[in-house]
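Numbering (my numbering), first residue to last: 35 to 255. Think of the CB as a built atom: it goes at the ideal place given N, C-alpha and C, for glycine as much as any other residue. This one's a predicted model, so the numbers in the text were calculated from it and none came from an experiment. Everything on this sheet refers to the single structure shown next.
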Amino acid sequence: MTDKPTLWHSYPSRSLRPLWALEEMEIDYELVTLPFPPRLFQREYLDVNALGTVPFFRHGQVEMTESTGICLYLVEQYQRYDLGLRSGDADYGNYLNWLFHSDATLTFPQTLILRYSQFEPAERRQPQVVEDYRLWYLARLKRLNAHLLDHDYLCENRFTIADIAVGYALYLGEGLGLAGFYEPQVQAYLARLKARPAFQRAEPMGAGPDSLVVKKYPFSD
Ligand SMILES: N[C@@H](CCC(=O)N[C@@H](CS)C(=O)NCC(=O)O)C(=O)O
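Right under this line is the structure:
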């Protein structure tokens, strides 16, 4: 495949994951930045991605909507196993597990926190849901807490897209004001990821004066 890939991205959404991966891999790509949520502020985006969600990714005939899946695609398609693992590698099961863990376990509770602390109109906010899922999220960090006691990274003790996937979940939690509840080894891991030049290039892309400002815990208005 020779075409340049195109990524549709909104600051500070999880489209940061493939953007960060593209920067790590130094792949030539096109970036389309959108206001958040594009479903409300850029209605014509629905013609590109009927879901209205970000990211959206196009590479030739390939179209993808899953941020971690796009990272995996980039590793495989560009043969960038310096940032990923092969199926024969001893840590491959862990690699897949962390990739899926990043959303199925770690961002899922945070979407409920976001929705019921700030995205819904005031009369539909649900402080009990917010508190329950704050505790749920922090409890679901248990596996990561244990792993990081004696590892600097998730797989083969080197940086891979599994760190991008899980690192974004931690960054989202930080945006929600929850990083103060992270164990010291998780705080140090997040700082290590954020210090990477590719993260520092990718993170501010698409940010502007009208960008979404995420309210932080305890979310008082
Ligand atoms: N599973 C998808 C989820 C995509 C998603 O829900 N993105 C959020 C931003 S983090 C979004 O676009 N929300 C806006 C909306 O639902 O309108 C992924 O990992 O990329």
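Taking Cβ positions, are residue i and residue j nearer each other than 7 Å?
i      : j      : result
Ile195 : Gly118 : yes
Gly240 : Thr67  : yes
Pro89  : Pro143 : no
Ser151 : Thr102 : no
Glu58  : Ala232 : yes
Arg174 : Thr145 : no
Tyr216 : Leu50  : no
Val200 : Trp132 : yes
For residue i, name the three-state secondary structure that DSSP assigns.
i      : result
Val220 : helix
Val164 : helix
Met59  : helix
Val88  : coil
Arg192 : strand
Glu100 : coil
Leu68  : coil
Leu41  : strand
So, is residue i buried or exposed, given that buried needs 16 or more other C-beta atoms within 10 angstroms?
i      : result
Phe253 : buried
Asn191 : exposed
Arg48  : buried
Leu182 : buried
Arg177 : exposed
Gly207 : buried
Arg168 : buried
Leu148 : buried
Leu80  : exposed
Ala256 : Since the displayed the chain opens at 35 and closes at 255, residue 256 lies outside it and no answer follows.
Ala55  : buried
Val96  : exposed
Using a Cβ-Cβ cut-off of 7 Å (strictly less than) and excluding sequence neighbours within five positions of residue i, which residues of its own chain qualify?
i      : result
Val109 : Tyr115, Leu117, Gly118 and Ile195
Arg235 : Glu57
Pro295 : This structure cannot settle anything about residue 295, because the visible part of the chain is limited to 35 through 255.
Ser223 : The question names Ser, yet the displayed sequence has Tyr at residue 223. Closer than 7 Å at Cβ, skipping near neighbours: Leu182.
Asp244 : Pro69
Skipping 5 residues on each side, what residues in its chain have a beta carbon closer than 6 Å to that of residue i?
i      : result
Tyr187 : Phe193 and Asp197
Met98  : Phe91 and Ile104
Leu246 : Phe70
Quick one: residues in its chain with C-beta nearer than 8 Å to the C-beta of residue i, no 5 flanking neighbours on either side, listed in chain order?
i      : result
Phe75  : Leu68 and Pro69
Gly209 : Pro46, Val248 and Lys250
Thr40  : Tyr63, Glu64, Leu65, Val66, Phe91, Arg92 and His93
Handout entry: Beta carbon nearer than 5 Å to a non-hydrogen atom of ligand 1
Key = Ser47, Arg48, Pro71, Arg73, Gly86, Thr87, Val88, Glu100 and Ser101
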